[in-house]
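Chains as they are written, first to last, in my numbering: chain A, 391 to 733; chain B, 391 to 733.
Even for Gly, the Cβ is constructed at its ideal location relative to N, Cα and C.
Here the structure comes first, spelled out in structure tokens, and everything after it is commentary.
Written as structure tokens, this is what we have:
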């Protein structure tokens with residue numbers, strides 16, 4: 391489905407990955423954990439990348455996956471009602487399901503619906519092992535912050551522990567966990583890895599995807615208040631064309647003559663960065679980069695290629711999402727055993 | 391049952407009590423909320439008083455009652471495992487049930503078992519409305535405290551809101567709540583009353599029972615590490631006799647001659663304070679106080695009367711507790727509607 395090109399070049403940092411893969415080769419199982427904070431209706435491509443990569447891992451290893459929707463976090467941080475964050479969680483679940491996850495191996499949950507029981511016990515166990523000093527050092531809390539912010543990190547920590555999911559991993563408390571996530575989530579899992587051994591749990595392993603830039607370039611931010619800063623999965627082909635043509639920061643030279651002579655600066659070129667994430671064909675990618683760098687390809691041509699790749703990816707995602715019914719959301723989010731999750 | 395004398399003189403502070411009683415007289419309902427932190431196996435008489443008083447209120451007003459067992463709090467504060475606090479919660483529930491609560495109007499829950507759903511949503515809503523500064527001002531947290539302590543106050547706050555119990559009060563979000571509790575719980579409910587209007591909820595009303603002294607007197611503390619500082623509901627008649635005779639601080643004079651002349655100082659006399667809580671008969675209490683104060687009754691005689699009262703109360707409690715089965719605990723703790731709770 392939409393998740394092809396993401397296998398390459400999305401990963402910048404890994405922690406204990408070799409260990410978990412060595413164990414896997416020796417027959418030991420693991421599970422995947424990723425998540426999303428449902429603060430907006432439409433995802434942009436930066437949101438999609440960890441899910442595309444996670445889907446790639448699930449297909450490669452045939453392992454179970456838990457996906458946390460932190461509606462509680464978004465209620466705490468944003469000016470949203472509980473009801474609105476729960477609604478956004480379900481809407482975002484549809485985009486996640488559209489990535490093609492295997493319902494026989496995937497449990498999606500919202501915190502507002504799932505927190506309780508063994509999951510809550512683990513939250514309290516983690517909270518007992520982190521001082522306010524430590525939390526402030528990791529997350530930068532201030533005395534004016536509300537205590538909801540300070541209470542939240544254990545909620546994101548505990549899906550790393552299989553005992554938080556008795557309906558999935560009962561009697562399997564030492565099962566290893568691998569977390570593919572965006573790199574900005576690192577503080578949560580640094581805290582989690584510190585606490586895990588104190589609770590007699592395995593530390594989760596991490597694969598953190600590199601920073602995905604805004605259209606305007608590395609030092610700008612994708613922002614919901616500026617729709618031209620990102621490509622959304624709801625964008626039309628026309629919108630994609632306009633955004634890439636008009637706003638994608640180019641590393642090409644100012645004139646054709648100069649470009650033919652000096653070539654493009656790939657280090658700052660956003661279309662190349664995006665193709666790095668989304669162009670399926672390794673050989674073609676290398677070819678484009680070489681031709682562009684040496685001035686034989688122009689910015690306009692590279693952008694045309696990117697527009698084609700993104701239009702196809704987004705259209706495919708939109709078709710897949712249109713197939714996702716409310717019943718499918720209910721099915722993915724049902725608290726249920728996954729009988730063949732390692733099969 | 392064991393809850394007779396407690397109606398008198400147990401209350402020192404009330405907040406909005408008149409308002410809730412005025413509304414009651416005009417036909418508006420309310421519910422009761424009280425609780426216990428299950429940190430030890432055996433309750434002492436100081437623990438029992440709020441429950442005896444709550445039972446008196448339930449009988450008088452025929453209203454529903456929720457009883458929170460904060461096993462999560464005790465796990466966070468004490469050196470206990472989750473499993474041990476959950477076990478203690480069930481054991482303590484037996485003592486609470488032995489006070490004679492009406493199963494048709496009473497829901498007992500442990501946090502580790504019940505937190506989730508609407509209750510968790512209210513926890514997060516409260517946490518969003520209390521800054522770390524405010525929480526530190528109310529509870530005196532320090533940077534070395536773990537974040538579990540800082541996360542806990544909303545857990546104790548939210549049973550004040552009927553929407554935390556959809557199986558009981560669905561569609562009745564403005565139902566008033568009256569909290570009989572020991573006075574040391576005041577900080578939690580001060581915070582709760584501050585937050586309630588910000589969430590569109592009613593402020594709970596409070597009846598706080600006065601300080602119940604240790605046997606050694608007002609300025610000493612009942613302590614689990616000193617069994618002679620308190621009468622436990624598990625004490626034998628012989629233990630009660632020894633504790634009262636040997637350890638209960640007396641306001642009587644040093645010699646009989648002096649006592650006959652000066653009389654007792656009731657302000658510091660522990661047997662009189664205990665009789666204030668537990669002697670059923672108002673006239674007899676007044677008589678004892680007068681005779682003792684004026685030197686006609688001796689300390690030994692007052693202590694004999696107290697020993698008789700406490701031995702009877704404790705024996706009655708022990709008989710009632712012996713009748714409490716595991717099935718009864720399950721029944722009180724079942725998440726269920728209470729069909730005739732206002733009947």
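Checklist entry - What in chain B is Cβ-close to residue 736 of chain A, meaning under 9 Å? => result Lying outside 391 to 733, the shown extent of chain A, residue 736 of chain A is not represented and no answer is given.
Item to check | Closest by C-alpha distance to residue 733 of chain B, when choosing among B:453, B:437, B:487 and B:418 | outcome: The sequence position of residue 733 of chain B within the second chain is 343, counting from 1. Ranking the options by Cα distance to residue 733 of chain B, first place goes to B:453.
Checklist entry - residue 588 of chain B touches chain A at which residues, Cβ-Cβ below 9 Å? => result The residue given as residue 588 of chain B occupies position 198 in the second chain. Chain A residues near residue 588 of chain B: none, gap ~11 Å exceeds 9 Å.
Item to check | Interface partners of residue 536 of chain A on chain B, CB under 8 Å | outcome: For the purposes of this step, residue 536 of chain A is identified with residue 146 of the first chain, where counting begins at 1. Those within 8 Å of residue 536 of chain A in chain B are 517, 518, 519, 520, 521 and 522.
Next on the checklist: Taking only three categories from DSSP, how would you classify residue 538 of chain A?
Outcome noted: Here residue 538 of chain A refers to the residue found at position 148 when the first chain is read from its first residue. Three-state result, residue 538 of chain A: helix.
Item to check | Residues, ordered as in the chain, of the region 591-624 of chain A that lie near chain B by beta-carbon distance below 7 Å | outcome: Within the region 591-624 of chain A, no residue has a Cβ lying closer than 7 Å to any Cβ of chain B.
Item to check | Under 9 Å between C-beta atoms of residue 699 of chain A and residue 665 of chain A | outcome: What you label residue 699 of chain A is simply residue 309 of the first chain in a count that begins at 1. What you label residue 665 of chain A is simply residue 275 of the first chain in a count that begins at 1. Taking 9 Å as the cut-off, the Cβ atoms of residue 699 of chain A and residue 665 of chain A count as close.
Item to check | Candidates B:593, B:719, B:655 and B:509: closest to residue 639 of chain B by CA position | outcome: On the second chain, residue 639 of chain B is found 249 positions in, with the first residue counted as 1. Nearest of B:593, B:719, B:655 and B:509 to residue 639 of chain B, Cα basis: B:655.
Checklist entry - Residue ranges of each alpha helix (DSSP H) run of no fewer than 4 residues wholly in the region 450-506 of chain B, ordered along the chain? => result 461-467, 472-487 and 501-504
Checklist entry - Hey, how far is the Cα of residue 561 of chain B from the Cα of residue 510 of chain B? => result Position 171 of the second chain holds residue 561 of chain B. Position 120 of the second chain holds residue 510 of chain B. Answer to the nearest angstrom: the Cα atoms are 18 Å apart.
Checklist entry - Can you find at least 3 beta carbon pairs, one from the region 593-605 of chain B and one from the region 556-571 of chain B, that sit closer than 8 Å? => result A contact exists between the region 593-605 of chain B and the region 556-571 of chain B.
Checklist entry - Quick one: Cα of residue 618 of chain A to Cα of residue 581 of chain A, how far? => result One-based indexing of the first chain puts residue 618 of chain A at position 228. One-based indexing of the first chain puts residue 581 of chain A at position 191. Near 35 Å, if we compare the C-alpha coordinates of residue 581 of chain A and residue 618 of chain A.
Item to check | Per-residue burial, residue 427 of chain A [other beta carbons within 10 Å of its own, 16 or more giving buried] | outcome: Here residue 427 of chain A corresponds to residue number 37 of the first chain, with the count starting at 1. The residue in question, residue 427 of chain A, is buried, as its Cβ has 16 or more Cβ neighbours within 10 Å.
Item to check | Bridge partner(s) assigned by DSSP for residue 405 of chain A | outcome: Here residue 405 of chain A refers to the residue found at position 15 of the first chain. In the DSSP output, where bridge partners are listed per residue, residue 405 of chain A has A:596.
Item to check | Same chain, Cβ closer than 6 Å to residue 713 of chain A, neighbours up to 5 away in sequence not counted | outcome: Translated into positions along the first chain, residue 713 of chain A becomes position 323. Excluding sequence neighbours, residue 713 of chain A sits near nothing in its chain.
Checklist entry - For residue 412 of chain A, does the count of other Cβ atoms within 10 angstroms reach 16, so buried, or fall short, so exposed? => result Numbered from its first residue, the first chain carries residue 412 of chain A at position 22. Under this definition residue 412 of chain A is an exposed residue.
Next on the checklist: Using a Cβ-Cβ cutoff of less than 6 Å, which residues in the same chain neighbour residue 549 of chain A once the five nearest sequence positions on both sides are dropped?
Outcome noted: What you label residue 549 of chain A is simply residue 159 of the first chain in a count that begins at 1. The residues are 423, 456 and 458.
Checklist entry - When you compare each of B:485, B:495, B:443 and B:477 to residue 730 of chain B by their alpha carbons, which one comes out closest? => result As a first step, residue 730 of chain B is located in the second chain; it is residue number 340 there, counting from the start. The candidate whose alpha carbon is nearest that of residue 730 of chain B is B:495.
Checklist entry - Would you say residue 541 of chain B and residue 517 of chain B are within 9 Å of each other, going by their C-beta atoms? => result Taking the second chain and counting its residues from 1, the one referred to as residue 541 of chain B is at position 151. Taking the second chain and counting its residues from 1, the one referred to as residue 517 of chain B is at position 127. Against a cut-off of 9 Å, the Cβ pair of residue 517 of chain B and residue 541 of chain B comes out as a contact.
Next on the checklist: Contact criterion: CB-CB distance below 9 Å. Does residue 462 of chain B meet it with respect to chain A?
Outcome noted: Your numbering for residue 462 of chain B matches position 72 in the second chain. With 9 Å as the cut-off, residue 462 of chain B counts as an interface residue toward chain A.
Checklist entry - Can you list the alpha helix (DSSP H) stretches of 4 or more residues lying completely in the region 649-717 of chain A, in chain order? => result 660-668, 672-683 and 689-712
Item to check | Close Cβ partners of residue 538 of chain A (< 7 Å) along its chain, the five nearest in sequence each way excluded | outcome: Your numbering for residue 538 of chain A matches position 148 in the first chain. 466, listed in sequence order.
Item to check | Three CB pairs or more closer than 8 Å across the region 614-634 of chain A and the region 668-675 of chain A | outcome: no
Next on the checklist: Counting C-beta neighbours from all protein chains within 10 Å, is the total for residue 405 of chain A 16 or more, i.e. buried, or is it exposed?
Outcome noted: Residue numbering aside, residue 405 of chain A sits at position 15 when the first chain is read from its first letter. By the 10 Å Cβ count, residue 405 of chain A comes out buried.
Next on the checklist: Quick check on residue 679 of chain A: buried or exposed, where buried means 16 or more other Cβ atoms within 10 Å of its Cβ?
Outcome noted: Taking the first chain and counting its residues from 1, the one referred to as residue 679 of chain A is at position 289. With 16 or more other Cβ atoms within 10 Å, it is buried.
Item to check | Between the CA atoms of residue 464 of chain B and residue 556 of chain B - distance to the nearest angstrom | outcome: Here the question's residue 556 of chain B lines up with position 166 in the second chain. Here the question's residue 464 of chain B lines up with position 74 in the second chain. About 26 Å.
Checklist entry - Roughly how far, in whole angstroms, is the beta-carbon of residue 472 of chain A from the beta-carbon of residue 505 of chain A, given that I think they are within contact range, below 8 Å? => result For the purposes of this step, residue 472 of chain A is identified with residue 82 of the first chain, where counting begins at 1. For the purposes of this step, residue 505 of chain A is identified with residue 115 of the first chain, where counting begins at 1. In fact, because the Cβ distance is near 13 Å, the residues do not count as touching under 8 Å.
Checklist entry - Got a sec? Which residues, its chain only, sit under 6 Å from residue 433 of chain A by beta carbon, not counting five neighbours each side? => result One-based indexing of the first chain puts residue 433 of chain A at position 43. Result list for residue 433 of chain A: 485 and 623, in chain order.
Next on the checklist: Contact criterion: CB-CB distance below 9 Å. Does residue 465 of chain B meet it with respect to chain A?
Outcome noted: What you label residue 465 of chain B is simply residue 75 of the second chain in a count that begins at 1. Residue 465 of chain B counts as touching chain A.
Checklist entry - DSSP three-state call for residue 616 of chain A: helix, strand or coil? => result What you label residue 616 of chain A is simply residue 226 of the first chain in a count that begins at 1. Strand, per DSSP.
Next on the checklist: Assuming contact is defined by CB atoms lying nearer than 9 Å, are residue 526 of chain B and residue 536 of chain A in contact in what I supplied?
Outcome noted: Within the second chain, the letter at position 136 stands for residue 526 of chain B. Within the first chain, the letter at position 146 stands for residue 536 of chain A. Not a contact, by the Cβ cut-off of 9 Å.
Next on the checklist: Can you find the residues in the same chain that come closer than 6 Å, C-beta to C-beta, to residue 478 of chain B, ignoring five residues on each side of it along the sequence?
Outcome noted: One-based indexing of the second chain puts residue 478 of chain B at position 88. Excluding sequence neighbours, residue 478 of chain B sits near 428.
Checklist entry - Would you call residue 725 of chain B buried or exposed, if buried means 16 or more other Cβ atoms sit within 10 Å of its Cβ? => result Working through the second chain from its first residue, we reach residue 725 of chain B at position 335. Answer is exposed; the Cβ neighbour count stays below 16.
Checklist entry - Does residue 421 of chain B come within less than 9 Å of chain A when only Cβ atoms are used? => result Here residue 421 of chain B corresponds to residue number 31 of the second chain, with the count starting at 1. Output row for residue 421 of chain B: interface = no.
Checklist entry - Less than 9 Å separating the beta-carbons of residue 686 of chain B and residue 488 of chain B? => result In the second chain, residue 686 of chain B corresponds to position 296, counting from 1. In the second chain, residue 488 of chain B corresponds to position 98, counting from 1. No, Cβ-Cβ distance for residue 686 of chain B and residue 488 of chain B is not below 9 Å.
Checklist entry - Can you tell me whether residue 403 of chain B is buried or exposed, with buried defined as 16 or more other CB within 10 angstroms of its CB? => result On the second chain, residue 403 of chain B is found 13 positions in, with the first residue counted as 1. Residue 403 of chain B is exposed by the Cβ-count criterion.
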